[in-house]
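Taken in sequence, the protein lines are chains A, B and C. With the working numbering, letter number 193 in the first sequence gets 193, and the count goes up by one each step, no holes. With the working numbering, letter number 116 in the second sequence gets 116, and the count goes up by one each step, no holes. With the working numbering, letter number 228 in the third sequence gets 228, and the count goes up by one each step, no holes. To keep things clear, I will list the structure first and then write my remarks on it.
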Amino acid sequence: MANPIITLTTDFGLADPYVAALKGAILTINPRVTIVDISHAVRPQAIEQGAFLLASAWPYFPHGSIHLAVVDPGVGTERRALALQTPVATFVGPDNGLLSPALPDEVREAAWGHDQPVPVRLPAGYRAVSLANEAYFRQPVSSTFHGRDIFAPAAAHISLGVPLAELGPPVEEVLALAPFRARRQPDGSLGGRVIHIDAFGNLVTDVRCEDLPAERPTVEVAGRRIVGLSLTYQESAEIVAVVGSSGYLEIAAPRASAAELLGAALGMPVLVRP
Amino acid sequence: MANPIITLTTDFGLADPYVAALKGAILTINPRVTIVDISHAVRPQAIEQGAFLLASAWPYFPHGSIHLAVVDPGVGTERRALALQTPVATFVGPDNGLLSPALPDEVREAAWGHDQPVPVRLPAGYRAVSLANEAYFRQPVSSTFHGRDIFAPAAAHISLGVPLAELGPPVEEVLALAPFRARRQPDGSLGGRVIHIDAFGNLVTDVRCEDLPAERPTVEVAGRRIVGLSLTYQESAEIVAVVGSSGYLEIAAPRASAAELLGAALGMPVLVRP
Amino acid sequence: MANPIITLTTDFGLADPYVAALKGAILTINPRVTIVDISHAVRPQAIEQGAFLLASAWPYFPHGSIHLAVVDPGVGTERRALALQTPVATFVGPDNGLLSPALPDEVREAAWGHDQPVPVRLPAGYRAVSLANEAYFRQPVSSTFHGRDIFAPAAAHISLGVPLAELGPPVEEVLALAPFRARRQPDGSLGGRVIHIDAFGNLVTDVRCEDLPAERPTVEVAGRRIVGLSLTYQESAEIVAVVGSSGYLEIAAPRASAAELLGAALGMPVLVRP
Chain A
1 MANPIITLTT DFGLADPYVA ALKGAILTIN PRVTIVDISH AVRPQAIEQG
51 AFLLASAWPY FPHGSIHLAV VDPGVGTERR ALALQTPVAT FVGPDNGLLS
101 PALPDEVREA AWGHDQPVPV RLPAGYRAVS LANEAYFRQP VSSTFHGRDI
151 FAPAAAHISL GVPLAELGPP VEEVLALAPF RARRQPDGSL GGRVIHIDAF
201 GNLVTDVRCE DLPAERPTVE VAGRRIVGLS LTYQESAEIV AVVGSSGYLE
251 IAAPRASAAE LLGAALGMPV LVRP
Chain B
1 MANPIITLTT DFGLADPYVA ALKGAILTIN PRVTIVDISH AVRPQAIEQG
51 AFLLASAWPY FPHGSIHLAV VDPGVGTERR ALALQTPVAT FVGPDNGLLS
101 PALPDEVREA AWGHDQPVPV RLPAGYRAVS LANEAYFRQP VSSTFHGRDI
151 FAPAAAHISL GVPLAELGPP VEEVLALAPF RARRQPDGSL GGRVIHIDAF
201 GNLVTDVRCE DLPAERPTVE VAGRRIVGLS LTYQESAEIV AVVGSSGYLE
251 IAAPRASAAE LLGAALGMPV LVRP
Chain C
1 MANPIITLTT DFGLADPYVA ALKGAILTIN PRVTIVDISH AVRPQAIEQG
51 AFLLASAWPY FPHGSIHLAV VDPGVGTERR ALALQTPVAT FVGPDNGLLS
101 PALPDEVREA AWGHDQPVPV RLPAGYRAVS LANEAYFRQP VSSTFHGRDI
151 FAPAAAHISL GVPLAELGPP VEEVLALAPF RARRQPDGSL GGRVIHIDAF
201 GNLVTDVRCE DLPAERPTVE VAGRRIVGLS LTYQESAEIV AVVGSSGYLE
251 IAAPRASAAE LLGAALGMPV LVRP
């Protein structure tokens, strides 16, 4: 049988020893897991960015993978620690919205218009527990590093087959962020925003390809108007709108950084008209 | 039996979720591979730098390893996708010169004096296919991320033992870059250039140790003249010329950055005289 | 049986092909090891920082793990190459103080007040060899990259079960750095320093939690006085002193960089009074 997979998404960076401590804690419990980094470059304590990176990568992993995410500004306070099982994967992390990508968009829509994550009920086929059973903690538990002492051990025990119910009491509601999806405006346009700027300087927006108008759309961002979609980054000498590899509309500049050319920043509004 | 090894060389960076998506796509097809990063810090779309980093690392991996490389400015255009088998390893990536390190230097010499990669015939013992069989693609295929949808699945299927011929039609010619090797000038000197600046600030040149004059060579770079070779980085208080660990001549400064001290840049000429 | 674990701590950075060459050299000898990066972001040739990062991570790995560390300004000179076995793990690297975290603090106290590492006798239960048996080197041995050609092969052979005594002659003394532990002053205060600044901007000091006064301590750093300890990073709107996850006193700013706010730097003194 192949080894179970645990992915990691954190704001720890790669210079410090924290990611290695997490991996050591996992391997001490289950030396047979395959650990894969999703990203450790989430900006410190940027829960929504962490959620977006997790959302952009977890669907490409095998069914049954365990996705451990730690962006945890509330570590040591009363925020809950969660393990959340969906029909295809298991997610482990703090209950602060970071695990939202585990939930269907319809459920996350309850958070529309809220700056903070809101409590939502788990849909059918999903279950979660609060990681409260100290028998599965690494001892002693640091008040500042639950990633190593609570989350990593939980993920490792799940990878060994420990049932979720062993790890703590069931939870009916979890905190969720609004979906990464531009909203339809009364005038028929889509009002979205820049949710990520990648290493190439491409602006990733929350406008989904399935929401794009069938006719040639017009995209407005940073005072620039782009007419029509391109199929590849190469197609034009100008700034282009492209459906990116994750199905989000991206603004790109051939062989250059669109973010620099446009002076764009995270959160900047994007408007799509038919 | 040990797990097959797939190495990765890309310009994706480590902050974005792209490398993880690549790994997830591989592990979904073959969860038993060992994946090793060579570098994801190739400058965006710098094909030659990607080729040099691949050339500097792949020979240290076990025979039979699969080397997946994606620096792909032409993604979605008509450039071909390749799998290339040599007597000791398999290479997968775009047909844009990036896979040149798979080829013998003699073959690559056809590209001497060309700015762009040139088509070369595969030598005996080498074979390649164009990755055209959609049955081995990840569906749907994104027009901007063949790494995840075409190259990674090809590498993973090869690691499972799928024969190359299954993946697409044979190819007789591939695009190659000139070898990383300074050329002999009419006056007997070697005319090379700086092809990499490492994290220590050492200048890595394309002057090969086997081409160095038997007598004490003189190295000229950035207006500086260095007489003789040192055996270690420590040997002198001055800037030294050393044969680096990959057999290339390097210019180094003990406990300091030679690149900063010399104001050196990629591509800067290097001259070696007997 | 689970695969043996080899961890890596180097100053190679992740952009260059050196880390990959190390991994390839290991996997060529033993393709079944699990390789885990501790950090490759040690500042170039900063032996003490490398030792601190190793010290902060290795204890979280399973017993029997092999910890390979290469921060090696003296490569190619006469410094020895070591494999050092403790009751719980094996360490491989240059004999320049980098492997100090393998040794008990009591032993390392011989280096108090010394700027350079000092020779110490190995305590009972510890043994070391000088890696001198060329049969276990990768050939040819580069004079500038013993990591790939001597240390990595040694670690890989140890992971295969090759006895230490095979790798070279026994060594009774190794070079050690002073422990990462603030010293008690004549007036009862603890005089320590900032030994690491993490990616969040938290100042990690060498003041150990077990040395802290039972009463509310006062911490002085960078002209600032902090009274009392916090339990979490969130507890206050001000700069706080917290016992960090590795048991060291840290200075942190909630949702901000304490290093920036205080203008702090590595080595800056920290004073703790009862």
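Yeah, the Cβ is synthetic: ideal placement off N, Cα and C, and Gly gets one too. These numbers were taken from a predicted model, which means no experiment stands behind them.
For A:L53, same chain residues with a beta-carbon under 7 Å away, outside a window of 5 residues either side, are T9, I38, S39, V42 in chain order.
Identification of residues in the stretch 15-44 of chain A having a C-beta nearer than 7 Å to some C-beta of chain C yields A15, D16, P17, A20, A21, K23, G24, A25, L27, T28, P31, R32, P44, given in sequence order. For C:S143, the residues of chain B that pass the 7 Å Cβ criterion are L231, T232, in the order they occur in the chain. By alpha-carbon distance to B:L231, the top candidate from C:L175, C:I226, C:V141 is C:V141. Sorting B:G24, B:V36, B:V71, B:T28 by C-alpha distance to the C-alpha of B:F12 places B:V71 at the top. Within chain C, the residues placing a beta-carbon under 7 Å from that of B:G244 are T144, ordered along the chain.
The continuous beta strand (DSSP E) containing B:Q85 extends over residues 81-85.
For the stretch 189-222 of chain A, the set of positions with a beta-carbon nearer than 8 Å to some beta-carbon of chain C is empty.
Using a Cβ-Cβ cut-off of 8 Å, B:G13 counts as an interface residue toward chain A, since at least one Cβ of chain A sits closer than that to its own.
Scanning chain A for C-beta atoms nearer than 9 Å to the C-beta of C:I226 yields nothing, as the closest lies near 16 Å away. Against chain B, a Cβ distance below 9 Å from A:S159 picks out nothing, because the smallest value is about 13 Å. In the three-state reduction of the DSSP assignment, C:L27 falls in the helix class. The continuous alpha helix (DSSP H) containing B:I158 extends over residues 152-159.
Distances from the alpha-carbon of C:P117 to those of C:A252, C:L99, C:I29, C:N133 put C:L99 closest. Look at the beta carbons and you see the stretch 108-128 of chain C not touching the stretch 143-161 of chain C: under three pairs across the two are nearer than 8 Å. DSSP places A:G192 in the uninterrupted beta strand (DSSP E) bounded by 190-197.
Neighbourhood of C:R148 in chain B, by CB distance below 9 Å: Y60, S245, in chain order. Not flagged as an interface residue toward chain C: B:S100, since no C-beta distance is shorter than 8 Å.
Around B:S56, the beta-carbon contacts reaching into chain C at under 9 Å are D16, P17, Y18, A20, A21. In terms of beta-carbon proximity, C:A89 stays away from the interface with chain A, with every pair separated by 8 Å or more. When the Cα atoms are used, B:V36 and C:L212 turn out to be separated by approximately 43 Å. Around C:S257, the same chain offers G201 as residues with beta carbons nearer than 6 Å, after the five sequence neighbours per side are excluded.
For B:A2, the chain C residues whose C-beta falls within less than 8 Å of its own C-beta are P31, R32, listed in chain order.
In the DSSP secondary-structure assignment, B:F91 is bridged to B:H67, B:L84.
In the displayed model, B:P179 falls within coil according to three-state DSSP, outside both helix and strand. DSSP places B:R225 inside the beta strand (DSSP E), whose first and last residues are 224-227.
Closest by C-alpha distance to A:L103, out of A:D198, A:Y136, A:A51, is A:A51.
With respect to the C-alpha of B:P153, the residue from B:P169, B:T144, B:Q45, B:A135 having the closest C-alpha is B:A135. The Cβ of A:T7 sits closer than 8 Å to at least one Cβ of chain B. Look at the beta carbons and you see the stretch 262-272 of chain A not touching the stretch 169-182 of chain B: under three pairs across the two are nearer than 8 Å. For the options A:V221, A:R148, A:K23, the alpha carbon positioned closest to that of A:L266 is the one of A:V221. Sixteen is the threshold: since fewer than 16 other Cβ atoms of the shown chains lie within 10 Å of the Cβ of A:H114, the residue is exposed. Under the three-state reduction of DSSP, B:L99 is assigned to coil, being neither helix nor strand.
DSSP lists no bridge partner for B:T144. Listed along chain B are A15, D16, P17, A20, each with a C-beta nearer than 9 Å to that of A:L53. Annotation for A:E215: no alpha helix (DSSP H) segment contains it, and DSSP assigns it neither H nor E.
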